[in-house]
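Which chain is which? The protein sequence lines are A and B, in order. Quick note: the first sequence, position 191, residue 191 per our numbering, numbers continuous. Quick note: the second sequence, position 17, residue 253 per our numbering, numbers continuous. Okay, so here's the structure we're looking at.
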Amino acid sequence: MTTRYRAYRSIFLDGVWHNNHALVALLGLCPLLAVSNNVVNALSLGLATTFVLTLSNGAISLIRQFVTSEIRIPVYITVIAALVTAVDLLMAIMTPGLHSILGIFIPLIVTNCIVLARAEAFASKNSVDKSLLDGFSIGLGFTLALVFLGGLREFLGHGTLFSEAELLFGPIAKDWTLHLMQLDHGMLIAILPPGAFIGLGLMIAVTNIIKAKQKRAQQAIQIAVTDIGLTSGKTA
Amino acid sequence: MNKLSMLKTASMLAAFACGAAVVLYLLQEVAAPTLAANQQAALLAQLNSLIPAESYDNAITEDKIALTIPALSPNSPVTIYRARKQNQPVATLLTVIAPNGYSGEIKLLVAILADGSLAGVRVIAHKETPGLGDYIEEKRGQWIHQFDHKSLENTPITRWKVKKDGGDFNYNTGATITPRAIVAAVGRTLTWAKEHHDALYAPQVEGVLP
């Protein structure tokens, strides 16, 4: 039970942080850069991607024993494309306003290389429960990166957060918009495409700094442990 | 790979493709009515934001004509919705294009009351600079409301310019090209509508109008 828990934990942490596909593997950058102009757009595309990733991982893990290796890629793509089309239809029915804003980026989830990468690298080799968790974790990591970048750009560009939340959450979300700064024009570059590149660059830099610090701390602990081992060895 | 396993592999791929196609077809069938209703509702909400629902009694989304009017929309036909009450004209709503925005075409919905004055204008689609030229959107400011109640009677066609060019219309410094394009397009639309008043409300009009 504990080994299983440990495996789950490591899959989850890998997906969200250690191997975050947006910030570490740098996959799926096209939607990341294009749809991160505000929090609500970012969150919506992130959730849609997570949904597709989880289901596609689960489905591909289910069929992994029947599919021969020659046709696995076309089969995976068929499964992914069918799922994405279903999500596209569901969003058009349930959140038409949002669907018209995200537009082409929903169908383009098919071409988000993260989805196929997880199918090929993880789901085709692991059990269904682990694959579902992996899809969800990777999706969550992608969503977090997307929302963070969206928040950064919306805050700098418009001085708000969560504007147009009603498109995603319905009429109750009409007054969820946080007006944090009163801006006449805002920092225009944040909303324009260069803002996405600069913002992502800063996020990757910060991630790397934190990771380097963690690594140093870990090494320090290891050195300390070996030192204790050596000294206790000497005294013994 | 021998022939048998090749056949097996091919049929498996075909089976997956067929399975996916069937599932998506069924989903599409289930979704189609809601999808159409959503589109209709979105259109109706847009039209009603300019012409209140209680001011007319016809099926406004059905009572429409599509005309090729190069002056108002160079590349695509103009869709004209007509609002009537007890068969008397109330207003028309035209989808026109301002071709000379800062970043290309600006798609407008212009609502003209039967007396020739504007009920209002809305920007449906544009590619203007976010944060700079997008004050033309209704949700981002009052700018678009300066067209309300304007007509060729209270504002002669020579005044249909931004103030910088000697006209009557406000603009934001730093983004003049965008409002210039819209003001000119709305002025053209009013002129055209005045000249073709009868055609606007006619049950069916055929062909190209100048």
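Note that CB positions come from ideal geometry on N, CA and C, so glycine has one too.
Per DSSP, what are the beta-bridge partners of residue i in this structure?
i        : result
Ile316/B : Ile301/B, Leu330/B
Thr160/A : His179/A
Pro325/B : Arg320/B
Leu354/B : Ile348/B
Ala411/B : Asn408/B
Gly340/B : Gly337/B
Val75/A  : Paired residue(s): none; Val75/A is not in a bridge.
Val115/A : For Val115/A, which the question treats as bridged, DSSP gives no partner whatsoever.
According to DSSP, simplified to helix, strand and coil, what is residue i?
i        : result
Val359/B : strand
Phe405/B : strand
Gln378/B : coil
Glu389/B : coil
Thr54/A  : helix
Ile348/B : strand
His209/B : This structure cannot speak to residue 209/B, because chain B is shown only from 237 to 446.
Ala236/A : Residue placement at Ala236/A cannot be trusted, given a pLDDT of 44 that sits under 50; the coordinates are not used to answer.
Glu183/B : This structure leaves residue 183/B out entirely; chain B is present only between 237 and 446.
Glu154/A : helix
Gly423/B : helix
Gly369/B : coil
Val35/A  : coil
Ile128/A : According to the sequence as given, residue 128/A is Val; it is not Ile. Looking at Val128/A - three-state DSSP - the assignment turns out to be helix.
Val67/A  : coil
Val398/B : strand
Asn238/B : coil
Thr2/A   : helix
Asn19/A  : coil
Ala295/B : coil
Ile228/A : helix
Val24/A  : coil
Ile221/A : helix
Leu243/B : helix
Thr95/A  : coil
Ala251/B : helix
When the Cα of residue i is compared with those of the options, which residue comes out closest?
i        : options                                : result
Asp14/A  : Leu140/A, Pro194/A, Val35/A, Val225/A  : Leu140/A
Val24/A  : Ala196/A, Asp227/A, Ile210/A, Ala224/A : Ile210/A
Leu47/A  : Ala119/A, Tyr8/A, Cys113/A, Ile138/A   : Ile138/A
Leu167/A : Arg118/A, Phe136/A, Gly97/A            : Gly97/A
Gly423/B : Gln276/B, Leu308/B, Leu263/B, Gln282/B : Leu308/B
Val87/A  : Ser69/A, Ala224/A, Val52/A, Ile11/A    : Val52/A
Tyr292/B : Val326/B, Ile380/B, Leu249/B, Gly337/B : Val326/B
Glu120/A : Ile221/A, Thr3/A, Val67/A, Leu33/A     : Val67/A
Thr297/B : Leu329/B, Asn408/B, Ser247/B, Lys244/B : Leu329/B
Arg320/B : Val314/B, Thr304/B, Pro313/B, Asp299/B : Asp299/B
Ala22/A  : Gln65/A, Tyr5/A, Val225/A, Val115/A    : Val115/A
His99/A  : Ala278/B, Ser312/B, Asn408/B           : Ala278/B
Ala421/B : Leu349/B, Leu262/B, Val314/B           : Val314/B
Asn311/B : Leu260/B, Asn323/B, Leu286/B, Pro335/B : Pro335/B
Leu5/A   : His158/A, Ile198/A, Asp129/A, Thr226/A : The question names Leu, but residue 5/A is Tyr in the sequence shown. Per the Cα distances, Asp129/A.
Ala438/B : Ala350/B, Asp370/B, Asp384/B, Leu368/B : Ala350/B
Gln322/B : Pro306/B, Glu290/B, His381/B           : Glu290/B
Asn38/A  : Gly367/B, Asn294/B, Gly410/B           : Gly367/B
Thr425/B : Pro306/B, Leu283/B, Met242/B, Leu262/B : Pro306/B
Arg118/A : Thr2/A, Phe169/A, Asn20/A, Ala224/A    : Asn20/A
Gly157/A : Gln182/A, Phe169/A, Glu164/A, Ala224/A : Gln182/A
How about residue i and residue j: do their beta carbons lie closer than 8 Å?
i        : j        : result
Leu178/A : Ser36/A  : no
Glu341/B : Arg358/B : no
Leu345/B : Thr365/B : no
Val419/B : Lys397/B : yes
Ser131/A : Arg72/A  : no
Pro107/A : Val79/A  : no
Leu388/B : Lys430/B : yes
Thr111/A : Thr50/A  : no
Ala361/B : Ala355/B : no
Phe252/B : Val206/A : no
Ala256/B : Ala82/A  : yes
Pro415/B : Phe405/B : yes
Ile333/B : Ile316/B : no
Gly337/B : Ala273/B : no
Ser127/A : Ser61/A  : yes
Leu32/A  : Leu200/A : yes
Gly135/A : Ser56/A  : yes
Met203/A : Leu133/A : no
Leu161/A : Leu180/A : yes
Asp370/B : Arg376/B : yes
Please confirm if residue i has its CB atom under 8 Å from at least one CB of chain C.
i        : result
Gly337/B : Absent here is chain C; the protein component of the structure consists of chains A and B.
### Query
Looking at C-beta atoms only, is the number of pairs between the region 166-176 of chain A and the region 185-201 of chain A that lie closer than 8 Å three or more?
no
### Query
Is the number of C-beta pairs between the region 147-159 of chain A and the region 40-55 of chain A that are closer than 8 Å three or more?
yes
### Message
Between the region 259-273 of chain B and the region 84-93 of chain A, can you find at least three pairs of beta-carbon atoms closer than 8 Å?
### Response
yes
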